[in-house]
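This report concerns only the one structure given below.
Residue numbers (full-length UniProt numbering): 1 to 247.
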């Protein structure tokens, strides 16, 4: 092991070797270590001391106790069984097969599921499935090829629900101004759609100005009356001037 000499002449491991030793500690636990962790946890031993006694890192102990914890706490037998199940499940390389692609497309378009929900449902039903990151990657790749699944993702559905809500309330508009987001562009493509920050900033400024003037009007009405009816009359007058462009 490489060593360095300090000013006092005492040799100590260099930083590189300490890092290598720390990385070597973070390895998979064996059955004996799990039983040792269980016995130490029963006497309320700190995680840092458990890591030192078992020859592992503190993060490995935390991950082991959280990941393999059962309803009655951490037990070595249950933890070892869960470890064997995960080994068996992930033994082969999980490839995004055509059958998986059809399953993902169906869940996205028909069931309106998110990638995380698709993976969770597959785990409950014991269906071979890739990770949710791989499903997100498939959605992005399919979008570049002109596919449709990305239009059924959660962020896209929120904007589509916004349009449906406006129509259900009977709200009509001639022009809509939004940011340059793909979901907004897809939802409002049939309308007079203005894209860009210049118009959205102006709308935000008008809303802030309106809120400021309403607050100022409310403060002025509070000075001469404590009756709610008088405040409502004042607000009716204020909104009359606002709606007809006098303010």
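Every residue gets a Cβ at the ideal spot worked out from N, C-alpha and C, and that includes glycine.
Bear in mind the structure is a predicted one, so any value in this text is a computation, not a measurement.
- In the three-state DSSP reduction, residue 128 falls in the coil class, being neither helix nor strand.
- By the criterion of a C-beta distance shorter than 6 Å, residue 122 is surrounded in its chain by 129, once the five residues flanking it on both sides are discounted.
- Check the Cα spacing between residue 172 and each of 163, 178, 180: the tightest is with 163.
- Counting along the chain, the unbroken alpha helix (DSSP H) around residue 58 starts and ends at 58-67.
- Contact check for residue 132 against residue 149 fails: the beta carbons are separated by 8 Å or more.
- Judged by DSSP in its simplified three-state form, residue 146 adopts coil rather than helix or strand.
- For residue 108, the CB contacts under 6 Å within the same chain, skipping 5 residues up- and downstream, are 149, 152 in chain order.
- Separation of residue 69 and residue 174 (C-alpha to C-alpha, rounded to the nearest whole angstrom) is 58 Å.
- Comparing alpha-carbon positions, the option among 147, 136, 143, 31 lying closest to residue 79 turns out to be 31.
- Taking C-alpha positions only, residue 53 is separated from residue 135 by approximately 41 Å.
- Pairing residue 51 with residue 43 gives a Cβ-Cβ distance that is not under 8 Å.
- Between residue 64 and residue 40 the beta-carbon gap is near 12 Å, outside 8 Å, which marks them as no contact.
- For residue 70, the beta-bridge partners assigned by DSSP are 73.
- With a cutoff of 8 Å on beta-carbon distance, residue 195 and residue 185 are scored as near each other.
- A straight line joining the alpha-carbon of residue 118 with that of residue 86 spans about 19 Å.
- In terms of Cα proximity to residue 33, the closest of 71, 66, 77 is 77.
- Per the DSSP secondary-structure output, residue 171 pairs with nothing in a beta bridge.
- With fewer than 16 other Cβ atoms inside 10 Å of its own Cβ, residue 144 counts as exposed.
- Each of 126, 169, 98, 240 was checked against the Cα of residue 88, and the nearest Cα belongs to 126.
- Cβ atoms of residue 38 and residue 75 come within 8 Å of each other, at about 6 Å.
- Taken through DSSP and simplified to helix, strand or coil, residue 119 comes out as helix.
- Exclusion of the five residues before and after residue 176 leaves 188, 191, 193 as the residues of its chain whose Cβ lies within less than 6 Å of its Cβ.
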